[in-house]
Amino acid sequence: MSHSSTTTASPAPSVPHTPLPKLPARRRNAQDKQYRIGNIIVTVLLSLGAIIMLAPLVWTFSTSLKTHEAVFALPPQWIPAPAVWENYLRVWSAGPLWSGIKNSLIVAGSVTVVGTVASSLAAFAFAKMRLPAKNVLFLVLLAGMMVPFPSMMIPQFMMFATIGWVDTLLPLIIPGLFGNIVMIFFLKQYLDSIPDSIIEAAKIDGASFLQIFAKLILPVIKPAIAAQFILWFMGVWNDYLAPIIYLNSPENQTLQLVIASFNATYATQTDYPLIMAASFIALLPVLIIFVIFQRQIIESVALTGAKG
Amino acid sequence: MSTITRRSTLHRKEQRVALIFVALPVIGFAVFTIFPLLFSVYASFTEWNGISAPVFTGLANFQAMMVDPYFWQAMWNTLFLMIGIPIGLSLSLLLALALNRKMRGTTFFRTVYYVPVISSIAAVAILWQWAFNGDFGLINQALAMIGIDGPNWLANTATVKPAIIIMSVWKGMGYSMLLYLAALQSVPRHLYEAASLDGAGVLQQFRNVTLPMLRPVTFFLVVTSIIGGSQIFIEINIMTPGGGPEFASASIVWYIWQKAFNYLQMGYATSMSLVLGLIVFAVTAIQFRLNRRNQFSID
Amino acid sequence: MKSRFKTGIVAAVAAAGLLLSGCGPAATGAGGETLTFMFRGGADEKAAYTKAIGEFEKANDVKVNMIVTTPDDYSTKLKAAIAGKKVPDVFYVDPGSVQAYVKTGVVKNISEFVEGSDSIDLDNIWQYGVDSYRFDGKLMGQGDIYALPKDVGPFSFGYNKTMFDEAGIPLPSADTPYTFDEFVDVAKKLTKDTNADGKLDQWGTGLNVQWNLQPFVWSNGADWLNQDRSKVTVDTPEFAESLQWFADLQNVAKVTPSVGEAQTLDTYQRWMQGQIGFFPVGPWDVSTYEKLPFEWDLIPYPAGSTGKSATWTGTLGIAVSNSSKAPEKAVELAKFLSANETAQQSLVDAGVQIPNLIDMSDQWVKDSTTKPANKQEFLDIVKDYGRGLPANSTYSAEWYDELFKNIQPVLDGKKTAAQYLKEAQPKMQKYLDQANQAAGIG
Numbered sequence: 148m149s150h151s152s153t154t155t156a157s158p159a160p161s162v163p164h165t166p167l168p169k170l171p172a173r174r175r176n177a178q179d180k181q182y183r184i185g186n187i188i189v190t191v192l193l194s195l196g197a198i199i200m201l202a203p204l205v206w207t208f209s210t211s212l213k214t215h216e217a218v219f220a221l222p223p224q225w226i227p228a229p230a231v232w233e234n235y236l237r238v239w240s241a242g243p244l245w246s247g248i249k250n251s252l253i254v255a256g257s258v259t260v261v262g263t264v265a266s267s268l269a270a271f272a273f274a275k276m277r278l279p280a281k282n283v284l285f286l287v288l289l290a291g292m293m294v295p296f297p298s299m300m301i302p303q304f305m306m307f308a309t310i311g312w313v314d315t316l317l318p319l320i321i322p323g324l325f326g327n328i329v330m331i332f333f334l335k336q337y338l339d340s341i342p343d344s345i346i347e348a349a350k351i352d353g354a355s356f357l358q359i360f361a362k363l364i365l366p367v368i369k370p371a372i373a374a375q376f377i378l379w380f381m382g383v384w385n386d387y388l389a390p391i392i393y394l395n396s397p398e399n400q401t402l403q404l405v406i407a408s409f410n411a412t413y414a415t416q417t418d419y420p421l422i423m424a425a426s427f428i429a430l431l432p433v434l435i436i437f438v439i440f441q442r443q444i445i446e447s448v449a450l451t452g453a454k455g
Numbered sequence: 493m494s495t496i497t498r499r500s501t502l503h504r505k506e507q508r509v510a511l512i513f514v515a516l517p518v519i520g521f522a523v524f525t526i527f528p529l530l531f532s533v534y535a536s537f538t539e540w541n542g543i544s545a546p547v548f549t550g551l552a553n554f555q556a557m558m559v560d561p562y563f564w565q566a567m568w569n570t571l572f573l574m575i576g577i578p579i580g581l582s583l584s585l586l587l588a589l590a591l592n593r594k595m596r597g598t599t600f601f602r603t604v605y606y607v608p609v610i611s612s613i614a615a616v617a618i619l620w621q622w623a624f625n626g627d628f629g630l631i632n633q634a635l636a637m638i639g640i641d642g643p644n645w646l647a648n649t650a651t652v653k654p655a656i657i658i659m660s661v662w663k664g665m666g667y668s669m670l671l672y673l674a675a676l677q678s679v680p681r682h683l684y685e686a687a688s689l690d691g692a693g694v695l696q697q698f699r700n701v702t703l704p705m706l707r708p709v710t711f712f713l714v715v716t717s718i719i720g721g722s723q724i725f726i727e728i729n730i731m732t733p734g735g736g737p738e739f740a741s742a743s744i745v746w747y748i749w750q751k752a753f754n755y756l757q758m759g760y761a762t763s764m765s766l767v768l769g770l771i772v773f774a775v776t777a778i779q780f781r782l783n784r785r786n787q788f789s790i791d
Numbered sequence: 396m397k398s399r400f401k402t403g404i405v406a407a408v409a410a411a412g413l414l415l416s417g418c419g420p421a422a423t424g425a426g427g428e429t430l431t432f433m434f435r436g437g438a439d440e441k442a443a444y445t446k447a448i449g450e451f452e453k454a455n456d457v458k459v460n461m462i463v464t465t466p467d468d469y470s471t472k473l474k475a476a477i478a479g480k481k482v483p484d485v486f487y488v489d490p491g492s493v494q495a496y497v498k499t500g501v502v503k504n505i506s507e508f509v510e511g512s513d514s515i516d517l518d519n520i521w522q523y524g525v526d527s528y529r530f531d532g533k534l535m536g537q538g539d540i541y542a543l544p545k546d547v548g549p550f551s552f553g554y555n556k557t558m559f560d561e562a563g564i565p566l567p568s569a570d571t572p573y574t575f576d577e578f579v580d581v582a583k584k585l586t587k588d589t590n591a592d593g594k595l596d597q598w599g600t601g602l603n604v605q606w607n608l609q610p611f612v613w614s615n616g617a618d619w620l621n622q623d624r625s626k627v628t629v630d631t632p633e634f635a636e637s638l639q640w641f642a643d644l645q646n647v648a649k650v651t652p653s654v655g656e657a658q659t660l661d662t663y664q665r666w667m668q669g670q671i672g673f674f675p676v677g678p679w680d681v682s683t684y685e686k687l688p689f690e691w692d693l694i695p696y697p698a699g700s701t702g703k704s705a706t707w708t709g710t711l712g713i714a715v716s717n718s719s720k721a722p723e724k725a726v727e728l729a730k731f732l733s734a735n736e737t738a739q740q741s742l743v744d745a746g747v748q749i750p751n752l753i754d755m756s757d758q759w760v761k762d763s764t765t766k767p768a769n770k771q772e773f774l775d776i777v778k779d780y781g782r783g784l785p786a787n788s789t790y791s792a793e794w795y796d797e798l799f800k801n802i803q804p805v806l807d808g809k810k811t812a813a814q815y816l817k818e819a820q821p822k823m824q825k826y827l828d829q830a831n832q833a834a835g836i837g
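Protein chains in written order, with our numbering: chain A, 148 to 455; chain B, 493 to 791; chain C, 396 to 837.
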């Protein structure tokens with residue numbers, strides 16, 4: 148950190164912008180050329196990397212279309228011949244895949260919808276409203292983030308066991324409805340950029356807090372809400388530890404458990420096409436959402452990080 | 493006087509509404525975090541099978557933990573698997589630097605590298621389990637093309653942890669890449685311009701401008717990755733049921749889960765989970781401490 | 396704006412409420428009682444049970460919800476259900492868990508319902524099966540009955556007859572077991588490269604240590620525990636000798652697929668593809684093995700120094716929950732599954748077990764139309780020389796599992812059996828002491 152004086156973390160905006168001295172045209176061309184060659188090399192490397200990133204997914208799909216025997220063919224076939232599309236029909240009757248999708252939707256849907264409402268109202272209160280000791284309260288909540296779920300899961304399990312909720316979706320849903328401190332944290336960061344005076348003015352105009360929230364706050368934090376919503380949804384959708392503890396009956400299991408038990412059941416029969424078909428189906432919904440909204444999702448995730 | 497009373501009634505009303513707004517998360521926190529945590533503290537001093545009432549046994553669980561080779565092995569495995577964190581962060585920084593160039597196709601690459609992040613971890617673990625198969629797996633097929641006879645990754649004590657690390661890096665790289673990219677794009681141009689006027693080369697610019705500007709993101713990623721890494725479970729449970737060859741891939745959460753729900757040793761499992769929680773807390777606190785000191789030196 | 400926002404919230408809450416209402420505890424159907432039955436198994440078992448239970452439902456005016464899990468998941472799932480206070484009314488229990496479940500009050504003492512009952516004749520059920528679930532508060536095998544056997548599973552030994560014929564080797568005897576040396580000799584002759592590509596593609600055998608070590612240990616005069624199960628006895632020379640012999644099958648005699656080959660395609664798959672000469676056969680395998688494209692039959696296990704063949708007889712019990720809301724019906728269901736002729740017949744027909752009923756198995760053993768030909772071997776094991784798995788008689792199986800956790804170096808030939816067992820014994824003893832202490836007999 149010997150250069151610390153020249154690398155101030157936050158640049159002072161008032162410093163006048165020094166224009167770059169113009170370079171001679173020839174030198175600029177040479178630099179351009181160098182940059183272009185650099186781009187070509189980088190593109191080639193990135194493409195190789197992209198193949199590595201996608202290969203396992205493509206391989207899954209390819210395997211899911213194979214016959215039992217073709218899975219063990221050497222050298223392996225990338226394009227299965229014949230392509231056994233029946234695997235995708237078989238898979239629905241081979242296990243409770245459909246109820247798994249339904250259960251996952253119920254859990255992830257209810258948690259994120261209700262939890263988002265709870266979180267954004269709380270974020271509003273923490274950021275902009277008068278409440279004694281609210282900063283202490285907020286810090287305590289934040290510290291709770293550091294408690295790993297495994298440290299609470301056994302007492303939580305016994306709590307839900309006592310009221311007879313084991314083997315239902317309720318233990319997965321209820322805790323989420325109370326909001327999510329990560330989301331509150333990011334929304335609060337966001338709200339700090341709104342000047343208090345605007346809100347004070349609205350208050351003097353006699354607007355209720357719900358109105359202020361809806362008219363002034365919501366439009367500002369909408370992108371942040373969307374980002375957090377999507378991330379949370381995917382988090383709940385992909386959760387595994389809590390479901391594996393709580394859910395016993397096959398028809399109550401979430402999608403992730405269903406495909407894991409496909410894996411356990413059909414691996415002994417080496418029915419890999421079936422396992423891969425189920426896994427691919429589990430991947431597909433999120434994959435489709437991602438491809439459609441990829442720009443928004445990526446931008447909002449990036450934005451989340453920038454705020455963090 | 494009247495305006496003051498009016499204001500204080502208003503304030504009181506505001507406080508009431510604010511209380512309602514924060515009530516849900518606070519209640520949730522009390523019921524689903526504080527209470528279980530306190531109960532954990534109590535239960536960790538008991539012998540408890542989850543069926544009958546807990547029996548107070550003092551420090552017995554913690555003493556047993558000290559001499560339980562599997563506890564230490566699981567701790568070590570969990571720590572070892574975190575090697576993936578620096579590897580993943582370095583790779584994703586390189587990726588972000590590459591994607592930060594002005595060139596075609598960056599959007600496409602960004603999407604491709606992000607796909608594993610959004611994919612379900614259970615499905616990903618299943619497909620990598622198959623990819624690591626000794627004879628028919630994708631990895632060894634690829635290695636065979638360059639003349640390497642690959643091991644049976646998940647069945648070998650020496651390779652099972654590296655295999656899981658490879659998978660985790662593949663899965664998580666896109667996320668940190670994205671955050672790095674966003675941070676890179678928010679570095680003010682004039683800083684580079686100023687540095688280049690000072691005669692700084694590309695490497696020096698990277699060291700003196702880029703890296704310091706990436707410090708907050710790096711800090712965020714390191715803290716969250718360590719918290720996440722200490723809880724690794726799904727990959728282990730799916731890819732190496734039984735904790736892998738000779739317990740070589742059993743993580744601490746996996747071991748806690750086994751003890752609690754397969755051997756019904758809830759008291760012992762709780763005490764281990766408490767130790768895990770304390771370690772995570774301590775490590776995070778130390779990181780915040782160090783980070784604050786570093787920021788001081790920058791300012 | 397205000398109203399729109401409020402409507403939004405209301406709609407969101409309502410939507411969540413709607414979603415939630417769909418996932419509360421399952422409501423019981425109108426009238427009639429509902430029983431839950433938790434068991435493990437594959438598709439064949441599920442189909443057989445579905446049929447049998449359909450009849451039970453009709454005859455008893457109850458509804459039975461079946462929860463089926465994979466064999467690997469069963470123990471964890473059941474324990475989670477018990478800890479979660481959602482004990483199924485009727486469920487499978489293995490003999491090793493009985494003591495713990497009795498002590499914690501999970502399973503019901505069903506002696507009064509089954510001893511001298513009209514609807515079940517205990518004398519017509521294999522004694523080994525019934526006794527596996529007797530517990531007198533101290534020792535297993537005597538005292539009150541806490542479960543009825545779902546089956547008895549004699550773990551026999553099979554050989555690929557077609558392979559013997561092709562190799563021109565005399566068939567093994569169904570009466571006199573091989574000695575260890577004879578077995579290795581035959582296995583060596585079967586291990587070869589049949590298509591001359593320089594790689595072995597046929598092996599004498601390929602056994603899993605966890606399920607196959609016991610016959611060789613016992614027939615060599617060794618055992619896991621002493622008589623009153625207070626001491627782990629794996630550090631005897633006889634035990635070491637048999638484990639070493641077992642490991643040497645791979646490393647010295649080289650009559651099994653290599654570690655790598657076995658991991659790629661396990662020996663079960665290779666046996667089914669006709670690449671393995673000798674392989675264990677349990678009754679639950681018969682439905683799968685019937686369709687194999689080669690001839691196979693049963694023989695006694697090769698015997699060590701005692702000259703007498705040994706093996707284990709598995710069993711699963713059907714227990715009734717102490718917290719069942721309909722205990723009589725639940726006991727009836729357990730009786731039905733264990734001893735009802737129609738129910739037994741559909742399970743036997745499905746090829747997943749041998750009959751629980753002695754008179755029915757006398758019929759079954761004479762049937763020459765179904766495989767295997769030497770069914771008598773199964774019955775001999777049950778009646779005569781089969782034993783319970785070592786962990787069946789203890790409070791917890793942790794001590795027993797410990798032996799197999801770090802055994803790989805022995806199988807890989809990197810450590811001698813004697814050395815390993817010497818290291819393992821104290822660790823196992825510690826877990827056994829804990830188990831005995833928990834059982835109250837420390």
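Glycine included, every Cβ here is placed at the ideal spot set by N, Cα and C.
Bridge partner(s) assigned by DSSP for residue i
{"i": "residue 539 of chain C", "result": "C:530"}
{"i": "residue 597 of chain C", "result": "C:587"}
{"i": "residue 538 of chain B", "result": "B:548"}
C-alpha distance - residue i paired with residue j, whole-angstrom precision
{"i": "residue 689 of chain B", "j": "residue 696 of chain B", "result": "12 Å"}
{"i": "residue 411 of chain A", "j": "residue 465 of chain C", "result": "7 Å"}
{"i": "residue 772 of chain B", "j": "residue 186 of chain A", "result": "42 Å"}
{"i": "residue 338 of chain A", "j": "residue 500 of chain B", "result": "25 Å"}
{"i": "residue 408 of chain A", "j": "residue 657 of chain B", "result": "23 Å"}
{"i": "residue 816 of chain C", "j": "residue 635 of chain C", "result": "7 Å"}
{"i": "residue 800 of chain C", "j": "residue 264 of chain A", "result": "49 Å"}
{"i": "residue 760 of chain C", "j": "residue 447 of chain C", "result": "23 Å"}
{"i": "residue 826 of chain C", "j": "residue 793 of chain C", "result": "6 Å"}
{"i": "residue 416 of chain C", "j": "residue 314 of chain A", "result": "Confidence is the limiting factor: at residue 416 of chain C the pLDDT is only 43, short of 50, which leaves the residue's position unreliable, though a coordinate-based value still follows. So the alpha carbons of these two residues sit roughly 15 Å apart."}
{"i": "residue 725 of chain B", "j": "residue 649 of chain B", "result": "18 Å"}
{"i": "residue 419 of chain C", "j": "residue 383 of chain A", "result": "Because the pLDDT of residue 419 of chain C is 39, which lies under 50, any placement of that residue in the model is unreliable, and the question is left without a value."}
{"i": "residue 165 of chain A", "j": "residue 679 of chain B", "result": "Per-residue confidence for residue 165 of chain A stands at a pLDDT of 45, beneath the threshold of 50, marking its modelled position as unreliable; no derived number is given."}
Range covered by the alpha helix (DSSP H) that runs through residue i
{"i": "residue 828 of chain C", "result": "812-834"}
{"i": "residue 355 of chain A", "result": "Note, residue 355 of chain A: premise wrong, no alpha helix (DSSP H); not H, not E."}
{"i": "residue 672 of chain B", "result": "652-677"}
{"i": "residue 471 of chain C", "result": "466-478"}
Residue i - containing beta strand (DSSP E), residue span
{"i": "residue 610 of chain B", "result": "Unbroken run through residue 610 of chain B is the alpha helix (DSSP H), 598-610; no beta strand (DSSP E)."}
{"i": "residue 674 of chain C", "result": "671-676"}
CB-CB length for residue i against residue j, believed under 8 Å
{"i": "residue 479 of chain C", "j": "residue 308 of chain A", "result": "4 Å"}
Would you call the segment 537-550 of chain B and the segment 757-764 of chain B in contact, with 3 or more CB pairs under 8 Å? Between the segment 537-550 of chain B and the segment 757-764 of chain B, the count of Cβ pairs shorter than 8 Å is three or higher; the stretches touch.
Is it a yes or a no for the segment 596-604 of chain C touching the segment 620-627 of chain C, going by three-plus beta-carbon pairs under 8 Å? Verdict: no, contact absent.
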